[in-house]
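The structure appears right after this line, and notes come after that.
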Amino acid sequence: MILEKTAFRPSEPEDRLAILAVQRRAFGGEAEAKLVDSLISGPLPTISMVADLDRMIVGHILLSQLEGPQKSLALAPLGVDPEWRDFLIGTELTNRAIARARDEGWHSIFVFGDPVYYGRFGFKSELARHVTTPYPGPAFQALELVQGAVAEYRGSVRYADAFDQV
Ligand SMILES: CC(C)(COP(=O)(O)OP(=O)(O)OC[C@H]1O[C@@H](n2cnc3c(N)ncnc32)[C@H](O)[C@@H]1OP(=O)(O)O)[C@@H](O)C(=O)NCCC(=O)NCCS
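All residue numbers for the sequence shown refer to my numbering, where the first residue is 60 and numbers rise by one.
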């Protein structure tokens, strides 16, 4: 029901303040909002999508280009307003963002998060195990949009400078 009333769409410049507010509420602090603000106003390619419920932004997801395997993205942050959780808004935002990344020709996506949550989208810690990262461990996961994009890569990933402040 909630999902049917929600539009999942690319963000517009006018959404900026609402996006920052929802990320602040989702994470209970400023860090992720600041990260989003730097990334969406910065030079790197991003995929930024909002969940819009009756013109109220209740969720936001951001993917930004990563230095590492060719055509690779970092998924961070994903935030859903605490008042609107468990309605599959996070799931739908993630599925839509992955589909968009595929359509745009990206080859892989990395995330640092709960493997149970991100496993449902096909992210795997095992796949990312050989990649050197500032965030090592099972929470560091990868999803291939092009077969072999991560499995055949040997090297490191470097996140945008904006991640240093998180
Ligand atoms: C994680 C988050 C985006 C999920 O949004 P949501 O719209 O409530 O998620 P959905 O309704 O699509 O999915 C609900 C599932 O997520 C799980 N979940 C909720 N919060 C979670 C968390 N912080 N970590 C792992 N799983 C979580 C729920 O247990 C539920 O699991 P189930 O489907 O097995 O019952 C939201 O809880 C949030 O914004 N959390 C704070 C910010 C955060 O931790 N973001 C993720 C960063 S990696």
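Backbone N, C-alpha and C define an ideal beta-carbon position, used for all residues, glycine too.
Among the options, whose alpha-carbon lies nearest the alpha-carbon of residue i?
i	options	result
GLN124	VAL95, ASP74 and ALA85	VAL95
GLN129	ALA208, ARG179 and ARG161	ALA208
HIS119	ALA133, GLY138, PHE180 and THR105	GLY138
TYR176	HIS189, GLN224, ILE168 and THR153	THR153
ARG83	PRO104, LEU204 and ILE116	ILE116
PHE169	LYS93, ILE157 and GLU89	ILE157
GLU91	GLY101, ILE78 and GLY196	ILE78
PRO104	ALA66, PRO195, ALA160 and LEU147	ALA160
GLU142	GLY164, ASP162, HIS166 and LEU112	LEU112
ARG188	PHE67, ALA133, GLY214 and HIS166	GLY214
LYS93	LEU186, PRO102 and ARG75	ARG75
ILE148	TYR212, GLY178 and VAL109	VAL109
GLY164	GLU203, PHE180, GLU151 and THR150	GLU203
ALA221	LEU122, ILE61 and ALA66	LEU122
PHE171	LEU134, MET60 and GLU151	LEU134
MET60	ASP145, ARG68, SER97 and GLY88	ASP145
GLU63	SER100, ILE99 and GLU151	GLU151
SER167	ALA201, LEU98 and GLU185	ALA201
THR212	GLN224, GLY88, ARG114 and LEU186	Checking the sequence shown, residue 212 turns out to be Tyr, not Thr. Selected option, being the one with the closest Cα: LEU186.
Residue i and residue j look like a contact to me (Cβ under 8 Å); what is the Cβ gap, rounded to whole Å?
i	j	result
SER131	SER70	Rounded, the Cβ-Cβ distance is 21 Å, inconsistent with contact.
VAL216	GLU73	With 8 Å as the limit, VAL216 and GLU73 do not qualify as a contact, their Cβ atoms being about 32 Å apart.
PHE182	PRO136	Between PRO136 and PHE182 the Cβ distance is about 15 Å, and since that is not below 8 Å, they are no contact.
VAL81	ASP140	5 Å
ALA210	ASP173	No, ALA210 and ASP173 are not in contact; Cβ-Cβ is about 22 Å, not under 8 Å.
TYR218	PRO193	7 Å
Would you give the residue range spanned by the alpha helix (DSSP H) that residue i belongs to?
i	result
GLN82	75–86
PRO174	174–178
ASP227	There is no way to answer for residue 227, as the model of the chain reaches only from 60 to 225.
ILE99	90–100
Provide the residue(s) that pair with residue i in DSSP beta bridges, ordered along the chain.
i	result
PHE169	ALA133 and ALA201
THR105	SER123
ALA110	PHE67 and GLY118
LYS183	ALA201
SER215	THR191
VAL209	VAL209 pairs with nothing; no bridge assigned.
GLY138	HIS119
For the beta strand (DSSP E) that residue i lies in, which residues bound it at each end?
i	result
ALA66	65–69
Residues proximal to ligand 1 by C-beta, any heavy atom closer than 5 Å: One residue after another in chain order, those with a Cβ under 5 Å from a heavy atom of ligand 1 are ALA85, LEU137, GLY138, VAL139, ARG144, ASP145, LEU147, ILE148, GLY149, THR150, GLY172, ASP173 and TYR176.
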